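Right, one structure below, let's go through it.
Residue numbers (my numbering), protein chains in the order written: chain A, 1 to 153; chain B, 1001 to 1153; chain C, 2001 to 2153.
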């Protein structure tokens, strides 16, 4: 007897996609792109033509503010997605939004004065620490689930 | 007769892997690595030893051309994979190939003269914009599918 | 009545998450963050305040050592995850651990002397080459599986 299982996909795979993580990722990517744009505006304002990356202090602070965002971005994506896939998507998305807010506070603070980058920097670190903890909990859960469950079968 | 298959996924999962996205990702990674190699060749040509990153204009343009690729690479990966997983893999792969072509035109143009980086730069922006639009369409579709469908059941 | 479900994946999906890849990714992210921390310590030691990135040779080597890690990190994540998802998770995880070890040897060598970065650099290249080969094998397998299998059905 043939069993037709076309209606029996027990979960709708398309609606199980991590849409919150995707939305936060796109938002963070757009935000980082906008920071790059502001570096471009700073170049025009201070007449610093590529490939030069040194110049008046305000330009150098703007440039470094964006670079710091680039340096941490891949790390952010790693902890965002692993915490969301392995542990809890909503918690991960909230941590991701906190990161983006921290990045903006960091950037706007840094442009005005080097010391003013610190509040945003600490917020970014909090967000990354939170996401790393959630990700680690998720990884440990998966290890136990994978090896403990199979051992009991 | 109804067969409960709640633990079974009725499609061959290995052939559902996003192989086009993977291929474009590997290609983009190899391309970015090759750009780093060309920075190394430029160092040898102009005798600029690490960690120094300043020197003759041609070296500085080569160095910045690669750095710009690094700055946008994670953003590219985000929009590539989200557009491919959430919307359409073929469209995403084509956008990804366009990005790689733009990156090469940017790099070779920039080495010769700063202004010659612009055609490639605009092509890269077009590719990223296209991928972002496709990704956003996919995310909106998934939101509606996840929350609208569940509400109707 | 028994339903033969040999084409169905009869395992609990949550234990099929690539937990080894996730663990190696988190480890690599923490390691790169620690390298950024050491750049901060070097700033304090040599009294180089942001946004300045030039100064005594030891600071400039520390700064560039971290930057090189940032430049390759996204490439590493691409080949790590594609090799692990498309080919073999254990092989990918081992390649990932090799990469992290190479990154550390590179960083500590570079701080002392530019030439001493080379052993770690070659180890990093070996790890990336290994992961790229495994990823490519996996992609080719998936292409054949996806298009050859469907053609035979």
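No residue lacks a Cβ here, since even glycine has one placed at the ideal position from N, Cα and C. Treat the numbers as computed from the prediction; the structure is a model and nothing was measured.
Let me check understanding here. Comparing Cα to Cα, which of the options lies closest to residue i?
i              : options                      : result
residue 29/A   : 1053/B, 1078/B and 1063/B    : 1078/B
residue 2052/C : 16/A, 44/A, 62/A and 49/A    : 62/A
residue 134/A  : 121/A, 86/A, 118/A and 109/A : 86/A
residue 2119/C : 2129/C, 2142/C and 2107/C    : 2107/C
residue 1058/B : 1039/B, 1137/B and 1072/B    : 1039/B
residue 2082/C : 2147/C, 2021/C and 2149/C    : 2021/C
residue 116/A  : 2050/C, 2145/C and 2117/C    : 2050/C
residue 1126/B : 1144/B, 1097/B and 1046/B    : 1097/B
Here's the rule: buried if 16 or more other CB atoms are within 10 angstroms of the residue's CB, otherwise exposed. What is residue i?
i              : result
residue 1113/B : exposed
residue 124/A  : buried
residue 2016/C : exposed
residue 2090/C : exposed
residue 2132/C : buried
residue 68/A   : buried
residue 136/A  : buried
residue 148/A  : exposed
residue 32/A   : buried
residue 1144/B : exposed
Give the secondary structure of residue i by DSSP, where H, G and I count as helix, E and B as strand, and everything else as coil.
i              : result
residue 2047/C : coil
residue 55/A   : coil
residue 2018/C : coil
residue 1149/B : helix
residue 1113/B : coil
residue 87/A   : coil
residue 1137/B : helix
Between residue i and residue j, how many whole angstroms is the CB-CB distance? I'm expecting something under 8 Å.
i              : j              : result
residue 1110/B : residue 1065/B : 4 Å
residue 142/A  : residue 2019/C : 4 Å
residue 102/A  : residue 93/A   : 15 Å between Cβ atoms; not a contact.
residue 1027/B : residue 1076/B : Actually they do not touch by this definition, with Cβ atoms about 12 Å apart.
Can residue i and residue j be called in contact, C-beta distance under 8 Å?
i              : j              : result
residue 1074/B : residue 42/A   : no
residue 1095/B : residue 1130/B : yes
residue 2060/C : residue 1036/B : no
residue 2023/C : residue 139/A  : yes
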